[in-house]
Amino acid sequence: MAFLELANLKKSFGNTQVVHDFNMQIEKGEFISFLGPSGCGKTTVLRMIAGFETPSAGRIAIGGKEQNNLKPNKRNIGMVFQAYALFPNMTVHDNVAFGLKVAGTQATEIDARVKDMLGLIKLDHLADRYPYQLSGGQQQRVALARALAVRPQVLLLDEPLSALDAKIRVSLREEIRAIQQKLGITTVFVTHDQEEALSISDRIVVMNAGRADQIGTPFEIYNTPATRFVASFVGTLNMIEAKVVDPSANRIQIGDQGVTLKQSVAAFKAGDTVSLALRPEAGSLAESAPCDTKLTGQVVSAHFLGSVIRTRMNVGGNVISFDMFNSPGVTPPAAGETVTLRFMAADLLVIRD
Amino acid sequence: MKTSRLGAWISIGFGAIYFVLPLIATVEFSLRMRRGAYSFDAYASVFSEAQFRETFGYSMLMALLTIVFGMLLVVPTAYWVRLRLPQIRPIVEFITLLPLVIPAIVIVFGYLRMYNSSSILPLTGSTTGTNILLVLSYITLSLPYMYRAVDTAMRAIDVRTLTEAAESLGAGWATILFKCIFPNVMSGVLSGAFITLAIVMGEFTMAALLNRPAFGPYLQLVGANRAYEPSALAVIAFSITWLSMGLLQLVSRFHKAAPAKS
């Protein structure tokens, strides 16, 4: 049995349903990210786990115990908010000690636990500071220590890095992951940043319009997106419209060029249109590049992006982007030039809507 | 000097004369009790009167009770409206503004009609009951100032997120309100308290019609029967108000120096 179970969760605000039949099983110690654009329902699911929103239907269970009727303060769930939410009237020490004091823990035990937690986030020298005397990154680390101090069953992180600058975000997300692995705490992390989700999660739930479009490891989500939405939301992806020629042989046609897919298109009929996805980094113009498939087209543009050159080419009405690593010997193709893109057929994915 | 700046200085000068001159005249007059010399005789006379001490002490006590019970009403109300019922905020704001548009005499006549000795709740039938009624009426009078001061302080903190953070750490409502919210709106609470103190110390209508020995009716009584003492009392009353305003400024400056970031 999974440690955290979300079964058939639904949530409506008035006549608007924001979460549709959400199902998820999370194992103990797993780090799960809910990834999706604003308004996709990821924070609502998180808030239902925390108890701040009541599900319209469905079941939430932690360790086999149903949580639906428990108040937020009885769930033993640690939460870190985007806006830090440190108590401005309390020092760092008192903020971290707050949950322990509420629980009636002995003073000596509180001091020891606070010291441990501040050591964990490497801020023990700032114990007497007030929140306004800390930087954003420091405040968020204190908020993390405060949430962990009560030894919660589950840690919920609601876009904790969104208010921080780019450099701090990277270092703090690595710190969060390291602490999570050290403590082995089951964690649910909400973000709209795909890089964040891909870099620190055991599994990712890509959410779209209140539904989980795909649940999988970062590798699965990136390499084999299940839907058009996942494909377009995670990373840069070429969407190619093709015509099915022979479903039984997985033969399709892009413009007037035939391609044999590795994935099955048996569910389609000859003449049907099928959506395919190809990552920009999967193709190459180099003749020596390993490939079993080629597409020829005209270069539309070539943009120098520093470490890579992103070239856009037209293949039968589809504009396909691909990246070449920059090196002194590489000359970007000129617009209008005819080029051949080489790639493995396995990289061409059939996408459902 | 530019013409616009000269105009501004002239305006300020006129304003200062309009406000300061009567005050200087009052202070000067209060010092002229002894013939041919300036003295504090009028002040000595005021302070030596038992009635002054009694009425001043009584009004101070009433002000204190008004502040305590007023805040116990206003802080949870403002908190609840911000957290759970933001849609009724305009209604609550309208209700809290009513004491500004309904004259105090109308309110007190309403109270006398509702709580007289032959009513279901005969508060005016006993001294304690009347004192309670007076505190309640002062709470009503200070509601517009108290509510706004507290509500403004709450706007500066993220009430919802702080509440949820405290809840997720296991805190109940009382702990959240008194340990997480109340200390962070203290500047608003103190601002409201000082304004309330200033209002209650000079209030006449409620205390006079409820026949309580407050400072306001005493000021009126002395003003009607003496020459120099009313000026001394006016200066004392002004000083109390100014002291309150000064403390208010100090509190807000202290709050600015240590902003409550959430």
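First to last, the protein sequences are chains A and B. If you count by my numbering, then the first sequence holds residues 1369 to 1721, one letter each, in order. If you count by my numbering, then the second sequence holds residues -1 to 260, one letter each, in order. Backbone N, C-alpha and C fix where the C-beta goes; we use that ideal spot for every residue, glycine too. All values reported here derive from a predicted model rather than from experimental measurement.
- Neighbours of LEU59 of chain B in chain A, taken as residues at a C-beta separation under 9 Å, are lacking, since the least C-beta distance is about 29 Å.
- Within the region 1516 to 1539 of chain A, VAL1518 place their CB atoms closer than 7 Å to a CB of chain B, listed in sequence order.
- A Cβ-Cβ separation of about 5 Å places ASN1441 of chain A in contact with GLY168 of chain B under the 8 Å criterion.
- When Cβ pairs closer than 8 Å are counted between the two stretches, the region 1501 to 1509 of chain A is seen not to touch the region 1388 to 1406 of chain A, the count staying below three.
- The three-state secondary structure of GLU1609 of chain A, taken from DSSP, is strand.
- If only complete runs of 3 or more residues are kept, the region 1421 to 1462 of chain A shows the beta strand (DSSP E) at 1425 to 1430, 1445 to 1448, in order along the chain.
- Around the beta-carbon of VAL1413 of chain A, 16 or more other beta-carbon atoms lie within 10 Å, marking it buried.
- Around the beta-carbon of MET1575 of chain A, 16 or more other beta-carbon atoms lie within 10 Å, marking it buried.
- Considering only A:GLY1552, A:LEU1605, A:GLY1578, the residue with the shortest C-alpha distance to PHE1371 of chain A is A:GLY1552.
- DSSP places ALA1580 of chain A inside the beta strand (DSSP E), whose first and last residues are 1579 to 1584.
- For LYS1379 of chain A, DSSP records a beta bridge to A:VAL1387.
- Beta-bridge analysis with DSSP links VAL1707 of chain A to A:GLY1665.
- Under the DSSP assignment, GLY55 of chain B falls in the alpha helix (DSSP H) whose first and last residues are 48 to 81.
- Among the residues of chain B, none has a CB under 7 Å from the CB of MET1485 of chain A; the nearest is roughly 13 Å distant.
- Partner residues in a beta bridge of THR1411 of chain A, as assigned by DSSP, do not exist.
- A direct Cα-Cα distance of roughly 20 Å separates MET31 of chain B from SER237 of chain B.
- Taking 7 Å as the Cβ-Cβ cut-off, the region 1416 to 1449 of chain A approaches chain B at ALA1418, PHE1420, PRO1440, ASN1441, ILE1445, GLY1446, MET1447, PHE1449, given in chain order.
- CA-to-CA, the gap between TYR41 of chain B and LEU29 of chain B works out to about 8 Å.
- Annotated three-state conformation of PHE1371 of chain A is coil, per DSSP.
- Residue burial is scored here from C-beta neighbours: PHE17 of chain B has fewer than 16 other C-beta atoms within 10 angstroms and is therefore classed as exposed.
- Rounded to the nearest whole angstrom, the CA to CA distance from ALA1638 of chain A to GLY1404 of chain A is 35 Å.
- When DSSP states are grouped into helix, strand and coil, SER166 of chain B belongs to the helix group.
- By the CB criterion at 9 Å, VAL1642 of chain A and GLU1588 of chain A fall outside the cutoff.
- The distance from the Cβ of ALA147 of chain B to that of ILE193 of chain B is about 7 Å, consistent with a contact at the 8 Å cut-off.
- Here ILE8 of chain B is exposed. Its C-beta has fewer than 16 other C-beta atoms within 10 Å.
- Per DSSP, the unbroken alpha helix (DSSP H) holding GLN1506 of chain A starts and ends at 1504 to 1517.
- The beta carbons of SER242 of chain B and LEU207 of chain B sit no closer together than 9 Å.
- Taking the Cβ atoms as the reference, ALA1429 of chain A lies roughly 4 Å from GLU1373 of chain A, within the contact range of under 8 Å.
- The Cβ atoms of PHE1693 of chain A and VAL1707 of chain A lie no closer than 9 Å to each other.
- In this structure, the beta-carbon distance from PRO74 of chain B to LEU175 of chain B falls below 9 Å.
- If you check each beta-carbon in the region 161 to 174 of chain B against every beta-carbon of chain A, the ones closer than 7 Å belong to GLU162, ALA163, GLU165, SER166, LEU167, GLY168, ALA169, GLY170, THR173.
- At a beta-carbon threshold of 7 Å, the residues of chain A lying near THR159 of chain B are PHE1449, ALA1451, ALA1453, ordered along the chain.
- In the three-state DSSP reduction, ARG210 of chain B falls in the coil class, being neither helix nor strand.
- At least 9 Å separates the beta-carbon of ARG1678 of chain A from that of VAL1687 of chain A.
- Taking the C-beta atoms as reference points, ARG1647 of chain A is found nearer than 9 Å to ASN1606 of chain A.
- Where THR1555 of chain A is concerned, the enclosing beta strand (DSSP E) starts and stops at 1554 to 1559.
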